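Those letters in the sequence shown? Residues 18 to 204, per my numbering, in order. We put the beta carbon where it would ideally sit given N, CA and C, even for glycine. From a predicted model like this one, the values you see are computed outputs, not experimental measurements.
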Amino acid sequence: MQLGQDARIPLPGSRFEDHLAGLPSKRRVAVRRERRAFTEAGYELRALRLSECADSVGALLAQLQQRHGHAADPDVMARLLRDQADGMADSGVVLAAYADGRMVAFSLCYRHAGTVWLRATGYDYARLRGAHEYFNLVYYLPIEVAYAHGATTLHLGMESLRVKTLRGAVTSPLWAIEGARADTGTD
């Protein structure tokens, strides 16, 4: 039984421009425009450990969840993220955008087995300066991080597949096998 689909961006070559070259002409123009708008917005960018910023990240993640109709308490989100940092040996990298000394957007990524795994994003919607924050923090900055660490794939997850495929993602089905018994090796 198919459960859904998963998205990933294959990363050819060794730099962002190699990824860009594989996109259709109109998409390349749009990506350049989005990246330029993000740069012109003047955010301060930081790469942080999740343990350093779990409270700020939790508050922004709660805003994203609330915007999509889910009940989310910032303190609960922060606690979950602190637990995640502990459980993952604080290996998560938070790509954060700051305005006026305050975090206004982030992406949380993990690196493993030649892949950068995008785990969570969040935004202070009242302080954002345009849609380019989303695209840069979800796609373009993680792609740059992936290339910088020799990764060949950016894994994006199961949601918003159309937007992801417009930015070069390919999808794969996720399957579940019903009725299968696990072989424990004991009789």
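Nearest in C-alpha terms to Cys126, of all of Ala168, Arg144, Tyr115, is Ala168. Note on Thr56: under 16 other CB atoms within 10 angstroms of its CB, so exposed under the neighbour-count rule.
Cβ neighbours of Asp107 within its own chain (closer than 7 Å, five residues either side excluded): Arg66, Leu67, Ser68. Between the alpha carbons of Gly185 and Glu51 lies a gap of roughly 15 Å. Cα atoms of Asp92 and Arg128: separation of roughly 26 Å, rounded to the nearest angstrom. DSSP lists His172, Val187 as the beta-bridge partner residues of Arg25. By alpha-carbon distance to Tyr60, the top candidate from Gly21, Lys43, Ala114, Arg44 is Ala114. Excluding the 5 residues flanking it on each side, Gln80 has same chain C-beta neighbours closer than 7 Å at Gly139, Tyr140, Asp141, Tyr142, in chain order. If you look at Leu81, you'll find it isn't in any beta strand (DSSP E); it sits in the alpha helix (DSSP H) that goes 67-84. Here DSSP, grouped into helix, strand and coil, assigns Glu61 to strand. CA-CA distance, Pro159 to Gly75, rounds to 19 Å. Considering only Ala163, Arg84, Leu154, the residue with the shortest C-alpha distance to Glu34 is Ala163.
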